[in-house]
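Residue numbers (my numbering): 24 to 270. Beta carbons: idealized from backbone N, C-alpha and C, even for Gly. Read the structure below first, then the notes.
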Amino acid sequence: MMDDVLISLRKISKSYKSENGIVKVIDDITMDIKKEFLVILGPSGCGKSTLLRIIAGVESYSGGEIYYASGRVPKIGFVFQFPSLLPWMTVIDNVSLPLKNMGLGKDEAKETAKRYLSLVGLSGFEELYPYELSGGMRQRVNLARALAIQPEILLMDEPFSNLDPLTAESLRAEVLDIWLSGITPLKAIVMITHSVDEAIFLADRIVILTPRPSKIAKELKVNLPRPRNRRSAEFEQLEDLVYSYVS
């Protein structure tokens, strides 16, 4: 339904100059971002992160148009591949910082930060510094900071790829629980990955990109019920189908 469309990308391309001439990264991508958990899947180096930054409005594009349903760039939270925390600030100060930059008072910013730290399982860790946290905990702080600004759209750039498998699985489940619970103002999550399993486990819809220069190879709806069973025949069949487009 058109009412579900938040952002429309039409014939988006991205090129840059190098010593060897013009390099095309993205070529003629047309897609909609709807009220859903969207996963953009593609091989390493295909331009996924570039596309995500274009969606966020922080990177220019060479051709095409982007349309916003609200007539403006929506409020966007961003979870990076590596936790981008300020090492000289405590956990709560890292999460409070963007709230203060938005104009919230010190006390209100800290209360909001505490609420979102609790949401990601970090109550009691507010006064620690990033170096005192595990990789998974640092990424939880990153997630809390992105959610605390109460974005309409959450963009995630391979957020679990540098975590150990058990921690990554735990965080996937937490992100999915937050999304499905409806306790935040989120209207959409857009995540990029090169993991087929991760894409099927999380997504309502998967957009599969080709190697660079990126085009859309296929869009697939994931109609499997949640919680999803990776060992089910339906999951494995969809996995085989996705692999047929990424191979």
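- Around R161, the same chain offers P106, L108 and P153 as residues with beta carbons nearer than 8 Å, after the five sequence neighbours per side are excluded.
- Scanning the stretch 161-227 from its first residue to its last, the whole alpha helix (DSSP H) runs of 4-plus residues come out as 188-204 and 219-225.
- DSSP, reduced to helix, strand and coil, places G44 within a strand of the structure shown.
- Here L64 is bridged, per DSSP, to T216 and I231.
- Distances from the CA of D55 to each of L29, E131 and L75 were compared; the closest alpha carbon is that of L29.
- In this structure, T113 sits away from L74, with a CB-CB distance that is not shorter than 9 Å.
- Residue nearest to K58 within the set P208, A171 and E262 is P208 (criterion: CA-CA distance).
- The beta carbon of V96 is closer than 6 Å to those of G80 in its chain, skipping five residues each way along the sequence.
- For the options A226, A169, G86 and I89, the alpha carbon positioned closest to that of L122 is the one of A169.
- Taking the Cβ atoms as the reference, L232 lies roughly 7 Å from L64, within the contact range of under 8 Å.
- With a contact defined as Cβ atoms closer than 8 Å, D220 and E262 qualify at about 7 Å.
- In this model, S157 and F103 are separated by some 16 Å (Cα to Cα).
- Annotated as proximal: E88 and L32, with beta-carbon spacing under 9 Å.
- Just so you know, the alpha carbons of V62 and S267 end up roughly 17 Å apart.
- For A240, the uninterrupted beta strand (DSSP E) run begins and ends at I239 to K244, by DSSP.
- With respect to F101, L177 sits close: the two C-beta atoms are nearer than 9 Å.
- E257: member of the alpha helix (DSSP H) spanning A256 to V269, first to last residue.
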